[in-house]
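Colleague: Residue numbers (the numbering used here), protein chains in the order written: chain A, 1 to 297; chain B, 1 to 261. Dropping a structure here in structure tokens format, bear with me for questions.
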């Protein structure tokens, strides 16, 4: 009986670990974006499992988010079965903002983080001096966020600000002007992740905190297998049924696989000058998502 | 006949799923399979089940989601598409159609030419007037995506494209009960599960009066007519535009549609 169990476990682990190794190999050779073929000067990067020119990625991602903006929140609930709400709540609890905090929420989109931040300050500290600047490269997503805030208690408190900005170049955000910088489920869509983290370092005040909530790598082979099947076989189908857009959700699950592992991303944060505590990250739901945190000290 | 078909269907689906599951554990997910034709998206057994259930719910919830009806047809249709293809292979014109792979859209058919050439009373004239009246073109059909065989995908595509011809031949319009009546007709002709589901569950959205008309007038006609006329998939419609409509209907063996008051 136990031999059968062991064999089954081996069968489950082997193809999974082979695929992970293959993907890591693929990833480490392609993610630094140098095209080895004739066109050696043209840099490429990944767009899901496809390779595209670096300049193209931004507009492709823009198209994806313009398509999904209307049903973004519904799809998040359907795909994660509501678990994304728990992750975001945990993210804000990990942040534990004090009264009067100035937050810069990058790739803020539909405003999940900004809203929770303001709720936390109001409910825990009875504070209404905390403020959040919501920034997103995609005006459609920002519109959804603005609409949401119109019906929230913060519609007229003057605590929110909305700007269309590129996370790699926050031209309208001055140096050392924010206490906390957050980017939730946005950084993996950026073409140059290191530049985003560098900009974060620039705009944070000394002592400020960089926090990132993003999908990450699942270590556990059994959960990993279930997660793979769910990602590739259920999510695009859900995207087609609910939003009539299979391709955007196919991109979503592929982009998750192409993003850094927890340790690699923590190292990238440290490379840009942030100081991390312990490993620099906290796993959520077996590593499906992770909260990375760094301090500018 | 129906129970045997259902048994065949469930056995086939079970074997299909087992084969697919073996494929999953070796290649991990079907995205590693190559597309067999334009728009083809190879999907795994799990995804097929999710899409079947999801599209069925979405179609019942919002009958205007034509893409969901199409998806449901594709994910459930394999066995019956094979039977349709075999019926086509058994007839000379059917074989010709499978060989020629004709397509019906505004670039393959010269509509202006047809408008000039087809005299009133011909099949072509009736078809084009119907299209103009409804304000539709044959270009609005969903592409076939989830059928894992290139020839069967063509059969499905052909079935979708000749749907408008069925409207012309039977004289049924696009009101909801007439579309459902046509679905009953297609169910008898093709056996496709999607037609069965539309026929059985489509009437839920109708009023009692509409349902009364449907079941008393149209459904008996559809069952008789569908069984009596020759397999409509075997007809090379592109060669029949100049035939007088009544003659064409007689040749096919179509029982005239009763029109309710």
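Idealized CB from N, CA, C, for every residue including glycine. Since the structure is predicted, the reported quantities are computational estimates derived from the model, not experimental observations.
#1: Quick check on this structure: which residue in 79/B, 141/B, 231/B has the alpha carbon closest to the alpha carbon of residue 65/B?
#2: Residue 68/B touches chain A at which residues, Cβ-Cβ below 9 Å?
#3: Excluding the 5 residues flanking residue 227/B on each side, which residues of the same chain have their C-beta closer than 8 Å to its C-beta?
#4: I need the DSSP call for residue 67/A, collapsed to helix, strand or coil.
#5: Any Cβ of chain B within less than 8 Å of the Cβ of residue 184/A?
#6: For residue 247/B, which of helix, strand or coil comes out of DSSP?
#7: Taking only the alpha-carbon atoms, compute the straight-line gap between residue 75/B and residue 48/B and give it to the nearest angstrom.
#8: Please list, in chain order, the chain B residues whose beta carbon lies closer than 8 Å to that of residue 237/A.
#9: Does any residue of chain A have a CB that is nearer than 8 Å to the CB of residue 58/B?
#10: Taking C-alpha atoms, which residue in 203/B, 152/B, 198/B lies nearest to residue 83/B?
#11: Listing by chain order, which chain B residues have their CB less than 9 Å from the CB of residue 234/A?
#12: Just to check my reading of the structure: residue 79/A and residue 211/A have Cβ atoms closer than 8 Å, yes? What is that Cβ distance to the nearest angstrom?
#13: Using a beta-carbon distance below 8 Å, is residue 71/B in contact with chain A?
#14: So for residue 42/A, helix, strand or coil by DSSP?
#15: Residues bridged to residue 161/A by DSSP?
#16: Can you find the residues in the same chain that come closer than 6 Å, C-beta to C-beta, to residue 200/A, ignoring five residues on each side of it along the sequence?
#17: From which residue to which residue does the alpha helix (DSSP H) around residue 80/A run?
#18: According to DSSP, is residue 306/A part of a helix, a strand, or is it coil?
#19: Kindly indicate which three-state DSSP category residue 204/A falls into: helix, strand or coil?
#20: Are the beta-carbon atoms belonging to residue 298/A and residue 159/A less than 8 Å from one another?
#21: Return helix, strand or coil for residue 142/B, following the three-state DSSP convention.
#22: Is the Cβ of residue 110/A closer than 8 Å to any Cβ of chain B?
#23: Which residues, taken in chain order from the segment 212-236 of chain A, show a beta carbon closer than 8 Å to some beta carbon of chain B?
#24: Is it true that the CB of residue 184/B sits closer than 8 Å to the CB of residue 131/B?
#25: Exposed or buried, which one is residue 203/B when buried takes at least 16 other CB atoms within 10 Å?
#26: Can you tell me whether residue 229/B is helix, strand or coil according to DSSP?
#27: Give a yes or no on contact between the segment 240-250 of chain A and the segment 272-279 of chain A, applying the rule of three or more CB pairs nearer than 8 Å.
#28: Counting Cβ pairs closer than 8 Å, one from the segment 217-235 of chain A and one from the segment 128-148 of chain A, do we hit at least three?
#29: Does the beta-carbon of residue 44/B have 16 or more other beta-carbons within 10 angstroms, so that it is buried, or is it exposed?
#30: Could you give the first and the last residue of the continuous alpha helix (DSSP H) run that contains residue 291/A?
#31: Which one or two residues does DSSP pair with residue 47/A in a beta bridge?
#32: Please check the pair residue 238/A and residue 178/A, which I expect to be a contact at CB under 8 Å, by giving their CB distance rounded to whole angstroms.
#33: Could you tell me whether the Cβ atoms of residue 134/A and residue 108/A are closer together than 8 Å?
#34: Can you look up residue 86/A in the DSSP assignment and give me helix, strand or coil?
#35: Quick one: what's residue 106/A bridged to in DSSP?
Modeller: In this structure, then:
#1: 141/B
#2: 240, 241, 244
#3: Contacts found: 188.
#4: DSSP, read as helix, strand or coil, puts residue 67/A in helix.
#5: no
#6: helix
#7: 6 Å
#8: Per Cβ cutoff of 8 Å: 43, 47, 50, 51, 54.
#9: yes
#10: 152/B
#11: What residue 234/A touches in chain B: 46, 47, 50.
#12: Between residue 79/A and residue 211/A, the beta carbon gap of about 23 Å keeps them out of contact (Cβ cut-off 8 Å).
#13: yes
#14: coil
#15: When DSSP reads this structure, residue 161/A sits in a beta bridge with 133/A.
#16: Same-chain partners within the cutoff: 181, 210.
#17: Residue 80/A -> alpha helix (DSSP H) spans 72-80.
#18: Nothing about residue 306/A can be reported from this structure: the residues present for chain A run from 1 to 297 only.
#19: In the displayed model, residue 204/A falls within a strand according to three-state DSSP.
#20: Residue 298/A lies beyond the residue range present for chain A, which begins at 1 and ends at 297; the question has no answer from this structure.
#21: coil
#22: no
#23: 228, 229, 232, 233, 234, 236
#24: no
#25: Answer is buried; the Cβ neighbour count reaches 16.
#26: The answer is coil: DSSP assigns residue 229/B none of H, G, I, E or B.
#27: no
#28: no
#29: buried
#30: Residue 291/A -> not in any alpha helix (DSSP H); beta strand (DSSP E) instead, spanning 289-295.
#31: 50/A
#32: With 8 Å as the limit, residue 238/A and residue 178/A do not qualify as a contact, their Cβ atoms being about 36 Å apart.
#33: yes
#34: helix
#35: 135/A, 183/A
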